[in-house]
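Q:
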Amino acid sequence: MLRRSLRSIAFSASRNYVVKSLYSNMAQIIDGKAIAQEIRFQLGKELKQFVEEGAPVPHLTAVIVGDDPASEKYVANKMIACREVGISSETKRLPSSTTQEELLQVIADLNQDPRVNGVLVQLPVPEHINERTICNAVNVDKDVDGFNELNIGRLALDMDGIIPATPLAVKTLLEHQNIETHGRNAVVVGRSKNVSLPMAILLHADGKYATKALDATVTICHRYTPPKELARYCRQADIIVVAVGKPGLITKDMVKPGACVIDVGINRIKDENTGKFKLVGDVDFEEVRQVAGHITPVPGGVGPMTVAMLMQNTLKAAKNQFYDRKSS
Ligand code: NAP
Numbered sequence: 002m003l004r005r006s007l008r009s010i011a012f013s014a015s016r017n018y019v020v021k022s023l024y025s026n027m028a029q030i031i032d033g034k035a036i037a038q039e040i041r042f043q044l045g046k047e048l049k050q051f052v053e054e055g056a057p058v059p060h061l062t063a064v065i066v067g068d069d070p071a072s073e074k075y076v077a078n079k080m081i082a083c084r085e086v087g088i089s090s091e092t093k094r095l096p097s098s099t100t101q102e103e104l105l106q107v108i109a110d111l112n113q114d115p116r117v118n119g120v121l122v123q124l125p126v127p128e129h130i131n132e133r134t135i136c137n138a139v140n141v142d143k144d145v146d147g148f149n150e151l152n153i154g155r156l157a158l159d160m161d162g163i164i165p166a167t168p169l170a171v172k173t174l175l176e177h178q179n180i181e182t183h184g185r186n187a188v189v190v191g192r193s194k195n196v197s198l199p200m201a202i203l204l205h206a207d208g209k210y211a212t213k214a215l216d217a218t219v220t221i222c223h224r225y226t227p228p229k230e231l232a233r234y235c236r237q238a239d240i241i242v243v244a245v246g247k248p249g250l251i252t253k254d255m256v257k258p259g260a261c262v263i264d265v266g267i268n269r270i271k272d273e274n275t276g277k278f279k280l281v282g283d284v285d286f287e288e289v290r291q292v293a294g295h296i297t298p299v300p301g302g303v304g305p306m307t308v309a310m311l312m313q314n315t316l317k318a319a320k321n322q323f324y325d326r327k328s329s
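Just so we're aligned, residue 2 is where the sequence shown starts under the numbering used here, counting upward by one.
Structural data, given as structure tokens:
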């Protein structure tokens, strides 16, 4: 039912693009913003039902260390999404001078607090703090970012757990657009532990297990993949997921006609015409859309879906905690 209604929303959201693409051979643009909005709406309904069963309103706490404007913006968007879905939320702001021990204490308190269902520490943390130690300190059941080593391990072993929001967003977009992945060639550009590694796992793993992965044949490219080889691998791919942080890295000549191109990258660059700053991805969008079959825009593609998946993870965590408590 949810799948059907999501499909119909996607159809109407992207109808204009489909019509356009029929006439111009342009890629169908995957409207992540519209799909995310529908998912948030469905999650709101699911949350209402959950609370009607007697569960407390799910609660998410975000922790920001320092005053990075991008982190402030990302967390603000997450808080807006929480309000829309009906999740109660709060942001704890700590100064950049916070020591690792102090941050670990804040996390330990949140882990202990029965009112808190989800905890996220906005990355990056200041350099004097070890990111891995922090990610592992968040209780695995409250780890709505899915960065705790236990959640990553569960994902790697096809076990149920919390999947990091960005790769989950990409998977959901592919499924939503009915992009065939089973037995197809996929390239993941980037090998970061929080985005590209879980992405590659979700793309290649066996769809018959708990993570319902996508059964593709996956190649991972990274900093040391020679540019010629990167282009060669990409040209063989039915699906390209790029998460690097380099504008214009993926160009038209690197894309097989009809391929699906998912752009995770977010780069702030100066617009030569207006002199103002704007956000772009890692893909040369205007060029690549002339050959690709599907493409995500930046902004408005993977970004809003990532926030929607964080909401989904928070509701999942709250449900797991509620039913576990009830059964014990
Ligand atoms: P990251 O940790 O900096 O990782 C970037 C990866 O790109 C690294 O694995 C790096 O290789 C690889 N790389 C660097 N230059 C390359 C090249 N020329 N060719 C191929 N690979 C290259 O970044 P991240 O956290 O994965 O994020 C990647 C991008 O996605 C960033 O722009 C970030 O802002 C964006 N992002 C977007 C969302 C969203 O919701 N849309 C969410 C998270 C991140 P090495 O490992 O060798 O360094």
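C-beta atoms are modelled at their ideal positions from N, C-alpha and C, and glycine is treated no differently.
A quick note: this is a predicted structure, and the numbers were derived from the prediction, not measured.
Using the Cβ count rule (16 or more neighbours within 10 Å means buried), how would you classify F286?
A: buried
Q: Mind checking whether the beta-carbon of D266 lies closer than 6 Å to any heavy atom of the ligand NAP?
A: A quick correction: the sequence has Gly, not Asp, at residue 266. Flag set: Cβ of G266 near the ligand NAP.
Q: T99 and V122 - do their beta-carbons sit closer together than 7 Å?
A: Contact flag unset, no.
Q: Under a Cβ-count criterion, where at least 16 other Cβ atoms within 10 Å of its own Cβ denotes burial, should M200 be classed as buried or exposed?
A: The residue in question, M200, is buried, as its Cβ has 16 or more Cβ neighbours within 10 Å.
Q: Ignore the nearest five residues each way along the sequence and tell me which others in C83's own chain have a CB closer than 8 Å to its CB.
A: L61, S89, S90, M312, T315
Q: Taking the straight line between their C-alpha atoms, what separation do you get for T182 and K213?
A: 12 Å
Q: Would the beta-carbon of T297 be found less than 6 Å away from any heavy atom of the ligand NAP?
A: no
Q: For a test of the three-state rule: what should DSSP assign to N179, helix, strand or coil?
A: coil
Q: Among residues of its own chain, excluding the 5 on either side of K253, which ones have a beta-carbon nearer than 6 Å to its beta-carbon?
A: Contacts found: E288, V289, V292.
Q: Alpha carbon to alpha carbon, what distance is there between V262 and V243?
A: 8 Å
Q: Is there at least one non-hydrogen atom of the ligand NAP closer than 6 Å to the beta-carbon of G246?
A: Distances from the CB of G246 to the heavy atoms of the ligand NAP include at least one below 6 Å.
Q: Using a threshold of 7 Å, state whether the C-beta atoms of M80 and A170 are closer than that.
A: no
Q: Consider the C-beta atom of S72 and the heavy atoms of the ligand NAP; say whether any pair is separated by less than 6 Å.
A: no
Q: By a C-beta neighbour count over all protein chains shown, 10 Å radius and 16 as the cutoff for buried, is T275 buried or exposed?
A: exposed
Q: In three-state terms, what does DSSP make of L311?
A: helix
Q: To which residues of the same chain is D207 closer than 8 Å at the C-beta, ignoring the five residues directly before and after it?
A: D159, A214, D216
Q: Got a sec: does the ligand NAP put a non-hydrogen atom nearer than 6 Å to the Cβ of G304?
A: yes
Q: Can you determine whether any heavy atom of the ligand NAP sits closer than 6 Å to the C-beta of T307, and answer yes or no?
A: Indeed, a heavy atom of the ligand NAP lies less than 6 Å from the Cβ.
Q: At the level of alpha carbons, what is the spacing between A187 and P300?
A: 23 Å
Q: In angstroms with no decimal places, state the Cα-to-Cα distance between D264 and S329.
A: 44 Å
Q: Please classify V19 as buried or exposed, where buried requires at least 16 other C-beta atoms within 10 Å of its C-beta.
A: In this prediction, V19 scores a pLDDT of 46, lower than 50, which makes its location untrustworthy; the coordinate-derived value is nonetheless stated afterwards. Classification for V19: exposed.
Q: Leaving out the 5 sequence neighbours to the left and right, which residues in its chain are closer than 7 Å to Y234 when beta-carbon positions are compared?
A: Same-chain partners within the cutoff: V188, T220, C222.
Q: Could you check if A63 is buried or exposed, using at least 16 other CB atoms within 10 Å of its CB as the buried criterion?
A: buried
Q: Kindly give me the distance between the Cβ atoms of I417 and P298, rounded to whole angstroms, as I take these residues to be in contact under 8 Å.
A: Here the chain has residues from 2 to 329 only, and residue 417 is not among them.
Q: Ignore the nearest five residues each way along the sequence and tell me which others in D161's own chain have a CB closer than 6 Å to its CB.
A: The residues A211, in chain order, have a CB closer than 6 Å to that of D161 in the same chain once the five nearest residues on each side in sequence are set aside.
Q: Report yes if the CB atom of P165 is closer than 7 Å to the CB atom of N195, and no otherwise.
A: yes
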